[in-house]
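The next block holds one structure in the form of C-alpha cells; read it before the comments.
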Amino acid sequence: MSRGAGLITVEEHRARVLAAAAPLPVESVPLAAAHGLCLAEPIAAREPVPPWRNSAMDGYAVRHADLAPGLPAELRVVADLPAGSGLDPALGPGEAARIMTGAPLPTDADTVVPIELTDRGTETVRIESDPGPGRHVREAGEDKAPGDPVAPAGAVATPEVISALASTGHGAVPARRRPRLAVIATGSELVEPGRPLERGRIPDSNSLLVAGLAREAGAEVAAALRVGDDAGELERAVAGCAAADLVVLTGGVSVGAHDPVKELFSGGDEVRFDRVSMQPGKPQAFGRLAAGPLLFGLPGNPVSAWVSFHVFVEPALRAMQGRSPVVPEPVPAVARSPWRARTERDQYLPAVIADLPEGRTVAPAAAGGSGSHLVASLAGANGYAIVPAGAGRVAAGDVVA
1 MSRGAGLITV EEHRARVLAA AAPLPVESVP LAAAHGLCLA EPIAAREPVP
51 PWRNSAMDGY AVRHADLAPG LPAELRVVAD LPAGSGLDPA LGPGEAARIM
101 TGAPLPTDAD TVVPIELTDR GTETVRIESD PGPGRHVREA GEDKAPGDPV
151 APAGAVATPE VISALASTGH GAVPARRRPR LAVIATGSEL VEPGRPLERG
201 RIPDSNSLLV AGLAREAGAE VAAALRVGDD AGELERAVAG CAAADLVVLT
251 GGVSVGAHDP VKELFSGGDE VRFDRVSMQP GKPQAFGRLA AGPLLFGLPG
301 NPVSAWVSFH VFVEPALRAM QGRSPVVPEP VPAVARSPWR ARTERDQYLP
351 AVIADLPEGR TVAPAAAGGS GSHLVASLAG ANGYAIVPAG AGRVAAGDVV
401 A
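Okay, so the sequence shown: first residue is 1 according to the numbering used here, each after it adds one.
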C-alpha cells in the first residue's frame with residue numbers, strides 16, 4: 001500500500017527492482033576461479049572421501065592377529081609406504097609395512113601401530129604395545145560416499161566449499177557469473193579523495209563506497225567514475241557502461257536545480273523517479289537502459305547511498321546470482337540507548353549491532369542519529385535498524401528490527 005502524498009513503500013520499490021533482476025546465465029567455472037560465486041545446482045560427491053582405506057598415523061601397518069600371541073612382538077618389515085604411494089604389498093604372517101599418514105593401507109593389513117609404540121626399526125620392528133584391533137585406520141568413504149550431498153544450490157563457493165568440492169572429485173562447478181556493476185558518482189562538488197579541499201568542494205566517497213559494497217555483494221566492478229552536474233557528461237559516461245549488468249548513479253535524483261540524472265532521464269520511459277517512504281533515501285530512480293543494464297539512481301548523501309544500496313541494489317545483486325535469501329530477514333535487538341525516529345517515514349538507521357551475553361543489542365552508529373551527511377560514522381556500522389513510521393522516538397530497552 002502506498003503511503004503519504006506521492007510516496008511509495010520500500011516494499012513496493014524493491015518489488016519493482018526484483019521483478020527486473022533476472023538470474024544470470026549458468027556457466028561451468030573452474031574451482032580456482034569460483035571463489036565467491038553462487039552454485040547454481042546442488043553438488044554431490046563423485047569420489048569417496050577418503051578415496052581409499054588409509055593410515056591415520058605414522059607407524060606400521062600390521063595384521064592384528066600377529067600381536068595376539070603376546071607382546072612385545074617382532075615383525076619383519078617388507079615395505080615402506082610414504083603418502084602418495086600406490087603400492088599394495090602382500091603381508092604374510094609376522095610381516096609389517098612401515099607407513100606414513102595418508103598412505104593407502106595394504107589390503108592384508110587391518111591395524112596401524114603408531115611409531116611411538118615401536119622401536120622404529122627398518123628391517124624388523126619391535127612392537128611394545130597393542131593399540132587395539134582396527135585402530136588408526138581411515139575407511140574409504142568415511143566422510144563422503146559417491147552421491148552424498150556436498151553443497152546445495154545457492155551456496156556461496158567459500159574456500160571451505162571449494163576444498164570439499166575438490167576433495168569429492170570436482171574440477172569445476174555450475175555457477176552464475178558475477179554481475180558486472182558500474183558506479184558513477186555525480187556532482188560538481190566532488191573531488192578526488194586526498195586532494196586539498198577548496199570552499200564548497202567535498203571528497204568523492206560515494207564511488208568508493210558503492211564499489212566496495214558491490215564487491216562485498218559478489219559483483220565485479222566494471223567501472224567507478226565521477227562526473228560533474230552536466231547531463232551531457234553523464235550521458236557519455238552512462239553510454240560507456242553499456243556492457244555492465246547494473247549502472248548505479250549517486251546524486252542528481254532529487255529536486256535540485258542542477259540534478260543531472262533527472263535532467264537526462266525525465267520525460268522518457270527508461271527510468272522512473274519515485275519518492276520512497278524511508279529516511280534516509282527518499283528520492284530513488286530505477287529502470288532499464290535501452291542498451292540493457294539496470295539503472296539505479298541513489299541519493300547523493302553518502303549515508304542515503306549506503307542505506308539505498310543495502311535495501312535495493314544488494315537484493316538485486318543477490319537475485320541475479322541466485323543467492324538465498326534475496327532480502328535478509330530482520331532480527332530483533334534491544335536498543336542500548338534512545339534515539340529520535342521519524343513520524344512520517346520508515347527509518348533505516350546505520351547501527352552498531354552487538355551480540356552480548358545478555359542478548360543482541362543495537363545503537364546508532366552516529367551520535368547524530370540517521371542524518372544522511374554523517375558519512376564518517378559509517379565506519380562503525382555493521383548493520384541497520386528499521387523503525388516503522390510513526391514511532392517518533394526509540395527508548396533504551398525498546399525492541400527494534
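In this text, a Cβ means the ideal position worked out from N, Cα and C, and glycines have one as well. Since the structure is predicted, the reported quantities are computational estimates derived from the model, not experimental observations.
### Query
In or out: Ala396 buried (at least 16 other Cβ within 10 Å) or exposed?
The count along the sequence shown starts at 1 and reaches residue 396 at position 396. Result: exposed.
#### Entry: Cut-off 7 Å between Cβ atoms - residues of its own chain near Arg201, not counting five sequence neighbours on either side
Counting from one through the sequence shown, the residue named residue 201 turns up at place 201. Taking C-beta separations shorter than 7 Å and ignoring five residues to either side along the sequence, the partners of Arg201 in its chain run Glu189, Val191, following chain order.
#### Entry: Whole-angstrom C-beta distance between Gly218 and Gly36, which should lie under 8 Å
Stepping through the sequence shown from its first residue, residue 36 is reached at position 36. Stepping through the sequence shown from its first residue, residue 218 is reached at position 218. That belief holds up - the Cβ atoms of Gly36 and Gly218 are roughly 6 Å apart, short of 8 Å.
### Message
With a threshold of 7 Å on Cβ separation, who are the neighbours of Gly89 within its own chain once the five nearest residues in sequence on each side are excluded?
### Response
For the purposes of this step, residue 89 is taken as residue 89 along the sequence shown, with counting starting at 1. Per the sequence shown, residue 89 should be read as Pro rather than Gly. Spatial neighbours of Pro89 in its own chain (CB-CB distance under 7 Å, excluding positions within 5 residues in sequence) are listed in chain order as Val78, Ala79, Ala97, Pro106.
#### Entry: Stretch pair the stretch 203 to 218 + the stretch 177 to 187: three plus CB contacts closer than 8 Å
Counting Cβ pairs under 8 Å, three or more are found: they touch.
### Message
Taking the straight line between their C-alpha atoms, what separation do you get for Val49 and Ala175?
### Response
On the sequence shown, position 49 is the one that residue 49 refers to. On the sequence shown, position 175 is the one that residue 175 refers to. If I take the Cα positions, the gap works out to 23 Å.
### Task
Measure the alpha-carbon distance for Ala365 versus Ala385 and round it to whole angstroms.
Position 365 of the sequence shown, counting from 1, holds the residue named residue 365. Position 385 of the sequence shown, counting from 1, holds the residue named residue 385. Whole-angstrom Cα-Cα distance: 10 Å.
### Message
Looking only at its chain, what residues have a beta carbon closer than 6 Å to the beta carbon of Ser372, apart from the 5 residues adjacent to it on each side?
### Response
Along the sequence shown, one-based indexing puts residue 372 at 372. With a pLDDT of only 47 at Ser372, under 50, the local geometry of the prediction cannot be trusted, and no value is derived from it.
### For Val173 and Ala290, believed in contact at Cβ under 8 Å, the rounded distance
For the purposes of this step, residue 290 is taken as residue 290 along the sequence shown, with counting starting at 1. For the purposes of this step, residue 173 is taken as residue 173 along the sequence shown, with counting starting at 1. In this structure, Ala290 and Val173 do not form a Cβ contact; the two beta carbons are roughly 34 Å apart against a cut-off of 8 Å.
### Task
Report the residue ranges of all beta strand (DSSP E) runs contained in full by the stretch 50 to 124; include only those spanning at least 3 residues, in chain order.
If you keep only unbroken beta strand (DSSP E) runs of at least 3 residues inside the stretch 50 to 124, you get 59 to 62, 73 to 81, 95 to 99, 111 to 114.
### Message
Using the Cβ count rule (16 or more neighbours within 10 Å means buried), how would you classify Gly6?
### Response
As a position in the sequence shown, residue 6 is number 6, starting the count at 1. That one is exposed.
### Task
Less than 8 Å between the CB atoms is what I'm expecting for Ala21 and Leu378, so what's the real figure, rounded?
Here residue 21 refers to the residue found at position 21 when the sequence shown is read from its first residue. Here residue 378 refers to the residue found at position 378 when the sequence shown is read from its first residue. With a Cβ gap of about 25 Å, Ala21 and Leu378 do not count as contacting.
### Message
Can you tell me whether Leu87 is buried or exposed? The criterion is at least 16 other CB atoms within 10 Å of its CB, across all chains shown.
### Response
Residue 87 sits at position 87 when you count from the first residue of the sequence shown. Label assigned to Leu87: exposed.
### Task
Within the same chain, show all residues whose beta-carbon is closer than 7 Å to that of Val161, passing over the 5 residues directly before and after it, in chain order.
Stepping through the sequence shown from its first residue, residue 161 is reached at position 161. Cβ within range, chain order: Ala151, Ala155.
### Delimiting residues of the beta strand (DSSP E) encompassing Glu220
Counted from its first residue, the sequence shown places residue 220 at position 220. Counting along the chain, the beta strand (DSSP E) containing Glu220 begins and ends at 220 to 227.
### Task
Return helix, strand or coil for Arg201, following the three-state DSSP convention.
Locating residue 201 in the sequence shown gives position 201, counting from the first residue. Annotated three-state conformation of Arg201 is coil, per DSSP.
#### Entry: Extent of the continuous beta strand (DSSP E) to which Pro174 belongs
Working through the sequence shown from its first residue, we reach residue 174 at position 174. Its beta strand (DSSP E) spans residues 172 to 176.
### Task
Sort Val362, Val326, Ser207, Val221 by Cα distance to Leu249 and report the nearest one.
Against the sequence shown, residue 249 aligns to sequence position 249. Looking at Val362, Val326, Ser207, Val221, the one whose alpha-carbon comes closest to that of Leu249 is Ser207.
### Query
Would you say Arg226 and Asp259 are within 9 Å of each other, going by their C-beta atoms?
The count along the sequence shown starts at 1 and reaches residue 226 at position 226. The count along the sequence shown starts at 1 and reaches residue 259 at position 259. For Arg226 and Asp259, no; Cβs fall outside 9 Å.
### Task
Evaluate contact between the stretch 344 to 357 and the stretch 314 to 325, counting only Cβ atoms and requiring at least three cross-stretch pairs below 8 Å.
No contact exists between the stretch 344 to 357 and the stretch 314 to 325.
### Message
Contact defined as beta carbons within less than 8 Å: I believe Val125 pairs with Met57. What is the distance between those atoms, to the nearest angstrom?
### Response
Your numbering for residue 125 matches position 125 in the sequence shown. Your numbering for residue 57 matches position 57 in the sequence shown. Taking a contact as a CB-CB distance under 8 Å, the pair Val125 and Met57 does not count as one, their CB atoms being some 14 Å apart.
### Between the CA atoms of Phe265 and Arg16 - distance to the nearest angstrom
For this step, residue 16 is matched to residue 16 along the sequence shown. For this step, residue 265 is matched to residue 265 along the sequence shown. Whole-angstrom Cα-Cα distance: 18 Å.
### Message
Please state the DSSP three-state secondary structure of Leu7.
### Response
As a position in the sequence shown, residue 7 is number 7, starting the count at 1. Residue state, collapsed to three classes: strand.
### Query
Helix, strand or coil: how does DSSP classify Ser372 here?
As a working mapping, residue 372 is identified with position 372 in the sequence shown. Low confidence applies to Ser372: its pLDDT is 47, below 50, so where it sits in the model is not reliable enough to give any reading.
### Message
Quick check on the DSSP output: the alpha helix (DSSP H) that includes Val261 runs from which residue to which?
### Response
Locating residue 261 in the sequence shown gives position 261, where the first residue counts as 1. In the DSSP assignment, Val261 falls within the alpha helix (DSSP H) that extends over 260 to 265.
### Query
According to the Cβ coordinates, are Ala351 and Gly392 closer than 9 Å?
In the sequence shown, the residue the question calls residue 351 occupies position 351. In the sequence shown, the residue the question calls residue 392 occupies position 392. At a Cβ-Cβ threshold of 9 Å, Ala351 and Gly392 do not count as neighbours.
### Task
Might you give, ordered along the chain, the residues of its own chain that have their beta carbon closer than 7 Å to the beta carbon of Glu263, omitting 5 neighbours on each side?
Numbered from 1 along the sequence shown, position 263 holds the residue referred to as residue 263. Closer than 7 Å at Cβ, skipping near neighbours: Ala231.
### Message
Taking its Cβ as the centre, do 16 or more other Cβ atoms sit within 10 Å of Arg178, making it buried, or is it exposed?
### Response
Start at 1 with the first residue of the sequence shown, and residue 178 comes out as number 178. Residue burial is scored here from C-beta neighbours: Arg178 has at least 16 other C-beta atoms within 10 angstroms and is therefore classed as buried.
#### Entry: Candidates Val399, Gly94, Val387, Gly251: closest to Asp229 by CA position
Locating residue 229 in the sequence shown gives position 229, counting from the first residue. Among Val399, Gly94, Val387, Gly251, the Cα nearest to that of Asp229 belongs to Gly251.
### Query
Hey, Ala363 and Ala389: beta-carbon distance below 9 Å or not?
Position 363 of the sequence shown, counted from the first residue, corresponds to residue 363. Position 389 of the sequence shown, counted from the first residue, corresponds to residue 389. No.
### Query
Grouping DSSP H, G and I as helix and E and B as strand, with all else coil, what is Ser377?
If you number the sequence shown from 1, residue 377 lands on position 377. Helix.
### Task
Please report the residue range of the alpha helix (DSSP H) in which Arg318 lies.
Sequence index remark: in the sequence shown, residue 318 carries index 318 (1-based). Here the alpha helix (DSSP H) through Arg318 covers 314 to 321.
### Query
Going by DSSP, which residues form a beta bridge with Lys144?
Locating residue 144 in the sequence shown gives position 144, counting from the first residue. Beta-bridge pairing links Lys144 to Val49.
### Task
Indicate the three-state DSSP secondary structure (helix, strand or coil) for Gly212 in the structure shown.
Taking the first residue of the sequence shown as position 1, residue 212 is located at position 212. In the displayed model, Gly212 falls within a helix according to three-state DSSP.
#### Entry: Nearest to Asp355 (by Cα), restricted to the options Trp339, Pro332, Pro338
Residue mapping note: residue 355 aligns to position 355 of the sequence shown, counting from 1. Of Trp339, Pro332, Pro338, the residue nearest in Cα terms is Pro332.
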